[in-house]
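Enquirer: Have a look at this one.
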Ligand code: RTP
Ligand code: MG
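Next up, the structure:
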């Protein structure tokens, strides 16, 4: 099956709560491949570009305040149907409605501070990966085990 790429953010609450290691472990243990990773500060300009579909919504000012409140970790994650696999792992937007076993259902009860962002479709993924990563920051490597015992 063809590999697909998606843009993931560990949001400021995940960084501040020191949950990034756990979130990364979940993604790796699921079998997805990390092909890009960086920490950055989201600016108001970047927030408006990323969340363009929400800029006119009533909750946008709070969303911008939150997403710019501390650094985020951005990842490009690759795998078969990676977009939907990641959306399933994330759970519903509101942590209170998110099932146990999902990231948002296991670590939060907030509708806004919900730990993780994932692209919601192929067009969004291509657009968002382009916002956060240049081509030289994305890596193509053999995902099989390295022969570290020799
Ligand atoms: P995301 O884009 O961050 O992956 O989250 P999502 O698809 O599950 O949810 P979306 O509807 O795209 O909303 C983007 C983010 O805005 C905040 N939000 N606040 N009514 C509210 O207060 C409200 N609704 C959404 C959340 O941080 C949500 O993840
Ligand atoms: Mg969304």
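Numbering (the numbering used here), first residue to last: -19 to 130. The C-beta atom is built at its ideal place from N, Cα and C for all residues, glycine as well. As the structure is a prediction and not an experimental result, all values here were calculated from the model.
1. Does the Cβ-Cβ distance between residue 71 and residue 85 come in under 8 Å?
2. Would residue -13 pass as a contact of residue 121 if the rule is Cβ separation under 8 Å?
3. In whole angstroms, what is the alpha-carbon distance linking residue 37 and residue 126?
4. Could you tell me the distance, in whole angstroms, from the CA atom of residue 99 to the CA atom of residue 124?
5. Within 7 Å: the Cβ of residue 115 and any heavy atom of the ligand MG?
6. Can you tell me whether DSSP reads residue 2 as helix, strand or coil?
7. Can you find a heavy atom of the ligand MG that lies under 7 Å from the Cβ of residue 120?
8. What number of angstroms, rounded off, separates the C-alpha of residue 47 from the C-alpha of residue 22?
9. Mark residue 27 as exposed unless 16 or more other C-beta atoms lie within 10 angstroms of its C-beta, in which case mark it buried.
10. Is it the case that the segment 41 to 57 contacts the segment 9 to 20, given that we only count it when at least three CB pairs across the two stretches are under 8 Å?
Expert: Taking the coordinates as given:
1. yes
2. no
3. 47 Å
4. 26 Å
5. no
6. The answer is helix: DSSP assigns residue 2 an H, G or I state.
7. no
8. 7 Å
9. buried
10. Cβ pair count under 8 Å is three or more, so yes.
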